[in-house]
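J.: Structure incoming, see below.
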Amino acid sequence: MNNGQGGVEVKTGSPPKRLMFSSFLLFFVILANQVGTGLSGFQRIIFQSAGHDAWISVCMAGAWSHLTVWVMLRTLKLNPNMDLYEVHKDLYGRYVGGIINALIMLYMLTAVIVISRNYVEMVQTWIFPDLPTWLLSAFLAMLITYGVLGGIRIVVGIAFISAILTIWLIIFLYFPIRYAEWTHLTPIMEASISELAQGMVKMSLTIVGFEILMFVYPFIRNKHRAPLSAHLGLFATTVIYVAVMLVTIVYFSPGQLSKTVWATFSLFKIVAFPFLERFEYVAISIWMLVVLPNLMMYMWAASKGIKRIFGWKQKYALYTFALILVVVSIFFKTRLQINILNDIFSKAALTIVFGYPWVLYAAVLFKQHFHKKREGI
12 MNNGQGGVEV
22 KTGSPPKRLM
32 FSSFLLFFVI
42 LANQVGTGLS
52 GFQRIIFQSA
62 GHDAWISVCM
72 AGAWSHLTVW
82 VMLRTLKLNP
92 NMDLYEVHKD
102 LYGRYVGGII
112 NALIMLYMLT
122 AVIVISRNYV
132 EMVQTWIFPD
142 LPTWLLSAFL
152 AMLITYGVLG
162 GIRIVVGIAF
172 ISAILTIWLI
182 IFLYFPIRYA
192 EWTHLTPIME
202 ASISELAQGM
212 VKMSLTIVGF
222 EILMFVYPFI
232 RNKHRAPLSA
242 HLGLFATTVI
252 YVAVMLVTIV
262 YFSPGQLSKT
272 VWATFSLFKI
282 VAFPFLERFE
292 YVAISIWMLV
302 VLPNLMMYMW
312 AASKGIKRIF
322 GWKQKYALYT
332 FALILVVVSI
342 FFKTRLQINI
352 LNDIFSKAAL
362 TIVFGYPWVL
372 YAAVLFKQHF
382 HKKREGI
């Protein structure tokens, strides 16, 4: 059905008002979904490609994200009451659209597994080395299920609360800055363009998460304000990553940084108070509030996919996916296995998040042009 602006829609009705949320909350949705387990150890990976100019690669990745969100918003503006699943069904047809939707749903479910397993490994490495993987995975699965059953407004509310309760952790970057060697940043632009580009690609895999915009957009009340909130969320995320990257470079020597897996939590190791000696234990515990919105958003989008594709009730898909999360997590036991999982997901994320939106926008424009031509406009 033509939407009057040349776009094509399967349906024109917006979601019930009780399910919709204010556009300013999109800022927290983007922020919460981008800042997750990746923030705990992205520095070493980017540093290996771009050296002490790694912070420039982070800035470049942030700019790339803004361009990608811009094209996402252009697509969504043509179909304001449709999520990505519905756009696919309308654009490609029931069967081809269903196959693509199944792949997107699988990506969302894989994101839940990857984030969950990385957080469990973090807890096992730093706090409880003998903690069974299935136990913490089951605990996370129960929290995710409980939150998603409340609906999109509850999940968005948790993203808001998570951002408010965890943003103060940035203050503790002051402690390593006191021992900074600012000469580690010089000479600026020593890395070649290709090295900076490699760092940008690797960083892009760390800051994925804003693709959730393609699923929550129909539930935003004041859609004309959504672009501002989305881009502000992206900008805030980029600032956080750049700040953490800069502090890491000036604190660690190049040799140390190239070998430090959990650089962010290693920075927290020097934070000490008279009443608290191991602050990194507190940070890792609080980090659950950081990853929880990630997990809930992706799980909500994945279970929504089952409803869109097969017409099942979303809660049954949710229970099934929660069980899959616990079972699959058990099979990834070693760091090597987790790295393989991360690498596979990263390659898929690069294509789906940063490449596919441009293809989708071109396809939507082509269909729009075709409908105009057929109607003689």
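Position 29 (the sequence shown) corresponds to 40 in our numbering; numbering is contiguous.
Yeah, the Cβ is synthetic: ideal placement off N, Cα and C, and Gly gets one too.
The structure displayed is predicted, hence computed values, not measured ones.
1. If you draw a straight line from the alpha carbon of Tyr96 to that of Leu146, how long is it in whole angstroms?
2. If we ignore side chains and look at the alpha-carbon of each, how far apart do Ile110 and Val282 end up?
3. Could you tell me whether the segment 351-363 touches the segment 63-76, using the rule of 3 or more Cβ pairs below 8 Å?
4. Note the first and the last residue of the continuous alpha helix (DSSP H) segment covering Leu114.
5. What is the C-beta distance between Val261 and Leu196, in whole angstroms, given that I count them as a contact (C-beta under 8 Å)?
6. Using the Cβ count rule (16 or more neighbours within 10 Å means buried), how would you classify Gly322?
7. Could you give the distance in angstroms between the alpha-carbon of Val212 and the alpha-carbon of Ala360?
8. Just tell me which of Met153, Pro198, Ile297 and Phe381 has its CA closest to the CA of Thr307.
9. Would DSSP call Ile260 helix, strand or coil?
10. What three-state label does DSSP hand Phe343 in the structure shown?
11. Taking the Cβ atom as the reference point for each residue, do Val258 and Ile188 lie within a distance shorter than 8 Å?
12. Just the Cα atoms here: how many angstroms apart are Ala202 and Asp64?
13. Buried or exposed: Gln348, going by 16 or more other Cβ atoms within 10 Å of its Cβ?
14. Using only alpha-carbon positions, find the residue among Leu176, Gln59 and Arg85 that is nearest to Gln379.
15. Thinking Leu364 and Val219 are a contact (beta carbons under 8 Å), I'd like their distance in whole angstroms, please.
16. Kindly indicate which residue of His382, Leu184, Leu117 and Trp298 has the alpha-carbon position closest to the one of Leu278.
17. According to DSSP, is Ile199 helix, strand or coil?
18. Check Ile172 in the structure and name its three-state DSSP category.
19. Given a cut-off of 8 Å on the beta-carbon distance, is the pair Phe226 and Lys326 in contact?
20. In this structure, what does DSSP give as the bridge partners for Ile231?
21. Quick check: what's the CA-CA separation for Gln54 versus Thr194?
22. Roughly how many whole angstroms lie between the Cα atoms of Glu288 and Met116?
23. Which of the three DSSP states, helix, strand or coil, is assigned to Leu160?
24. Tell me which same chain residues have a C-beta within less than 8 Å of the C-beta of Val293, skipping the five on either side of it?
T.: In terms of the structure at hand:
1. What you label residue 96 is simply residue 85 of the sequence shown in a count that begins at 1. What you label residue 146 is simply residue 135 of the sequence shown in a count that begins at 1. So the two alpha carbons sit approximately 33 Å from each other.
2. In the sequence shown, the residue the question calls residue 110 occupies position 99. In the sequence shown, the residue the question calls residue 282 occupies position 271. So the alpha carbons of these two residues sit roughly 50 Å apart.
3. no
4. As a working note, residue 114 is residue 103 in the sequence shown. From DSSP, the alpha helix (DSSP H) with Leu114 extends over Arg105 to Trp137.
5. Within the sequence shown, residue 261 is the residue found at index 250, counting from 1. Within the sequence shown, residue 196 is the residue found at index 185, counting from 1. Indeed, because the Cβ distance is near 6 Å, the residues count as touching under 8 Å.
6. Translated into positions along the sequence shown, residue 322 becomes position 311. When all chains shown are included, Gly322 counts as exposed.
7. Indexing the sequence shown from 1 puts residue 212 at position 201. Indexing the sequence shown from 1 puts residue 360 at position 349. Taking the straight line joining both Cα atoms gives about 11 Å.
8. Residue 307 sits at position 296 when you count from the first residue of the sequence shown. Before going further, note that residue 307 is Met rather than Thr in the sequence given. Here the closest residue by C-alpha is Met153.
9. Walking along the sequence shown from the start, residue 260 turns up at place 249. Helix at Ile260.
10. Locating residue 343 in the sequence shown gives position 332, counting from the first residue. Three-state DSSP puts Phe343 in coil, outside helix and strand.
11. For the purposes of this step, residue 258 is identified with residue 247 of the sequence shown, where counting begins at 1. For the purposes of this step, residue 188 is identified with residue 177 of the sequence shown, where counting begins at 1. Ile188 sits close to Val258, with the two beta carbons spaced by under 8 Å.
12. As a first step, residue 202 must be located in the sequence shown, where it is residue number 191. As a first step, residue 64 must be located in the sequence shown, where it is residue number 53. So the two alpha carbons sit approximately 6 Å from each other.
13. Taking the sequence shown and counting its residues from 1, the one referred to as residue 348 is at position 337. With a 10 Å radius around the Cβ and a threshold of 16 neighbouring Cβ atoms, Gln348 comes out exposed.
14. On the sequence shown, residue 379 is found 368 positions in, with the first residue counted as 1. Nearest neighbour of Gln379 by Cα position, chosen from Leu176, Gln59 and Arg85, turns out to be Arg85.
15. Here residue 364 refers to the residue found at position 353 of the sequence shown. Here residue 219 refers to the residue found at position 208 of the sequence shown. Looking at the sequence itself, residue 364 is Val, so the reference to Leu does not match. Going by Cβ atoms, the distance from Val364 to Val219 rounds to 5 Å, so yes, they are a contact pair.
16. Along the sequence shown, read from residue 1 onward, the residue named residue 278 stands at position 267. Answer by Cα proximity: Leu184.
17. For the purposes of this step, residue 199 is taken as the residue at position 188 of the sequence shown. Note: Ile199 maps to coil in three-state DSSP.
18. As a first step, residue 172 is located in the sequence shown; it is residue number 161 there, counting from the start. Ile172 falls in the helix class under three-state DSSP.
19. Counting from 1 along the sequence shown, the entry for residue 226 is found at position 215. Counting from 1 along the sequence shown, the entry for residue 326 is found at position 315. Taking 8 Å as the Cβ cut-off, Phe226 and Lys326 do not qualify as a contacting pair.
20. For the purposes of this step, residue 231 is taken as residue 220 along the sequence shown, with counting starting at 1. Bridge pairing for Ile231: Phe32 [DSSP].
21. Start at 1 with the first residue of the sequence shown, and residue 54 comes out as number 43. Start at 1 with the first residue of the sequence shown, and residue 194 comes out as number 183. C-alpha separation (whole angstroms): 18 Å.
22. On the sequence shown, position 277 is the one that residue 288 refers to. On the sequence shown, position 105 is the one that residue 116 refers to. Answer to the nearest angstrom: the Cα atoms are 43 Å apart.
23. On the sequence shown, position 149 is the one that residue 160 refers to. Leu160 falls in the helix class under three-state DSSP.
24. As a first step, residue 293 is located in the sequence shown; it is residue number 282 there, counting from the start. Excluding positions up to five away in sequence, the list reads Leu287.
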